Each structure stands twice: as structure tokens, then as C-alpha cells.
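Trainee: Heads up: the sequence shown runs through residues 7 to 263, numbered per the numbering used here. Idealized CB from N, CA, C, for every residue including glycine. Just so you know, these numbers come straight off a predicted model, no measurement behind them. Structure provided below as C-alpha cells; questions to follow.
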Amino acid sequence: MGISGMKLCLNTVFTLWLREMLRYKRSRSRIIGSLATPLFFLVIMGSALGSSMTMNSGRYIDYMAPGIIGMSILFASLMGGISIIWDREFGFLKEILVAPVSRFYTALGKAAGGVTTAMIQGTLLMVISGFIGIEYVSVWREMLCIPVMFLMGLGFIGLGITLASRIESHEGFQMMMTFITLPTIMTSTAFYPMADLPGWLSIPVRLNPLTYGVEALRWLLLGISEIPVTLSLSVITVFALIMMALGSWAFDRAGDQ
7 MGISGMKLCL NTVFTLWLRE MLRYKRSRSR IIGSLATPLF FLVIMGSALG SSMTMNSGRY
67 IDYMAPGIIG MSILFASLMG GISIIWDREF GFLKEILVAP VSRFYTALGK AAGGVTTAMI
127 QGTLLMVISG FIGIEYVSVW REMLCIPVMF LMGLGFIGLG ITLASRIESH EGFQMMMTFI
187 TLPTIMTSTA FYPMADLPGW LSIPVRLNPL TYGVEALRWL LLGISEIPVT LSLSVITVFA
247 LIMMALGSWA FDRAGDQ
């Protein structure tokens, strides 16, 4: 590929990323809802359970904060896949697929927009949580959470693109999202420590990529983790690479149908 071809591919990625950002900026209800719901969980659920649970590592609401951030990234990333269904329905997807660039870069542009949205929501949630009393270790560690959010978002947006490439309707996508998100959240360490789980439940928790993302965030924000941070980072990196490869493959196959 020559310089002009690479420039065209990068322009495609940037254009699709910018389109997703403009969509997100104009949807104020989406921004408010994406922050209000996790904060409601954190304040109400964290306060209620914190009064009845004893944590050796500190307050339960602090322990819960990285899990809520991880949950927000999961939802935002998977929802990024729904834009593919919208674009297919309104004919925009067909127009961009005939562009003289590899469909990989088209999928990459869609993924970049979804990941950026997820990172914005996760970062805002992390900052707001700090203002309402969540005790983090340091500001520098908060900054290091951003690359972790990027890897988490990349993995889950790859999953979202894979699903959206195979599902025709919004209703089907929403049902599949519900089917995936609830078990993913509940079989992670977002809300409870791994040490307190029954033996049979520890298996799906350890197989869940969200567990490793949440534990990496928890180590950075609170200085505690039940999993070595190097292992957590390795797992979410491999997960991101696999899901992006799978997402680009599914997107390419969808364009041939």
C-alpha cells in the first residue's frame, strides 16, 4: 500500500470516528443517562450494601466504584455496535462499504468511535465518583486507568461489532445485549470479592474478561486486587486483540451478504 492509499485509509478511520463523536455529542439524553444510571447504582446500592457488608480492605462503596466504571464501559462499548444496525437500516453502511478501502479500516473507524465514547463515560464517572467521596489512591493512578479503559472498550466493542454484523434488527441486538451484559456483570468481581464466592461460581468469574478489567482498575484506583495486575493486563490485552480480529472478520463477512 502506497502513501496515498494509507492516507485514504486513515482518513476513513478518522471520518467514521468523528461521525460517532458528533452523534454522541448531540445526544444529551444518552450522555446524562450513561452517567446517571451508574451513579445511581453506586450511591444507592453502595450505601445500602455498605451498611450490611464488612470489607477488610475498606469501605464497600469504594470497592464497588471500579466495578461500576467497568460496567459502564461494558454497556457503552456494546452499544457502539448498534450504530452498525442503524447504518445498515438507513443505507449508510452500503455507501461506506463501496469505498475503495479495506473493510478492516471501516470496522476500525466504527470501533474507534465506540471505544472513545466508552472511555469518555468511564473517565467522567471516575472523576465524578471522586468528587462524591470515593477515596482513590492518587491522581496519577487515575490517569493510568485510561489505557486500561481503552483495552476494555476495545475488547467489548469488538464483541459488539461481531453481534451487530450477524443480527439484523434492533430488537434482536437489544435482547442479545441483555443476555450478555447481565451474566457478564454478575459473574465478575464488580460487586463482590472473589474470595467470598462458592467454588463453582469462581470458575465463570475467572473466565470472565470483565473480572480482569475491573481488577486492573481496582488495583490502580484503590491499590487492592485479588489478581496480579500483570495477569489482568495480559488477559484484557489478549481479549481486545482477539475480539477486534473477530469483529473485523464478522464485519467483512456481513458486507458480502
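Just how far apart, CA to CA, sit residue 228 and residue 125?
Mentor: Approximately 19 Å, taken between the alpha carbons.
Trainee: Over the uninterrupted alpha helix (DSSP H) stretch that includes residue 40, give me the two end residues.
Mentor: Looking at the DSSP string, the run of the alpha helix (DSSP H) that includes residue 40 is 34-46.
Trainee: Could you tell me if residue 153 is buried or exposed, where buried requires 16 or more neighbouring beta carbons within 10 angstroms of its beta carbon?
Mentor: Classification of residue 153: exposed, given that the 10 Å Cβ count is below 16.
Trainee: Classify residue 178 as helix, strand or coil using the three-state DSSP reduction.
Mentor: Here residue 178 sits in helix by DSSP.
Trainee: Looking at the secondary structure, which residues open and close the alpha helix (DSSP H) in which residue 80 lies?
Mentor: Run containing residue 80: 66-86, per the alpha helix (DSSP H) assignment.
Trainee: Please state the DSSP three-state secondary structure of residue 197.
Mentor: Residue 197 falls in the coil class under three-state DSSP.
Trainee: Please confirm whether residue 257 and residue 117 have their CB atoms less than 7 Å apart.
Mentor: In this structure, residue 117 does not lie closer than 7 Å to residue 257 by Cβ.
Trainee: Below 8 Å on the Cβ atoms is my guess for residue 216 versus residue 165; work out the distance and round it to an integer in Å.
Mentor: That belief does not hold up - the Cβ atoms of residue 216 and residue 165 are roughly 11 Å apart, past 8 Å.
Trainee: From the DSSP output, in three-state form, read off residue 138 for me.
Mentor: In this structure, residue 138 counts as coil in the three-state DSSP scheme.
Trainee: State whether the segment 32-46 contacts the segment 147-161, with contact taken as three or more CB pairs (one from each stretch) at a distance under 8 Å.
Mentor: Taking 8 Å as the limit for Cβ pairs, the verdict is that the segment 147-161 does not touch the segment 32-46.
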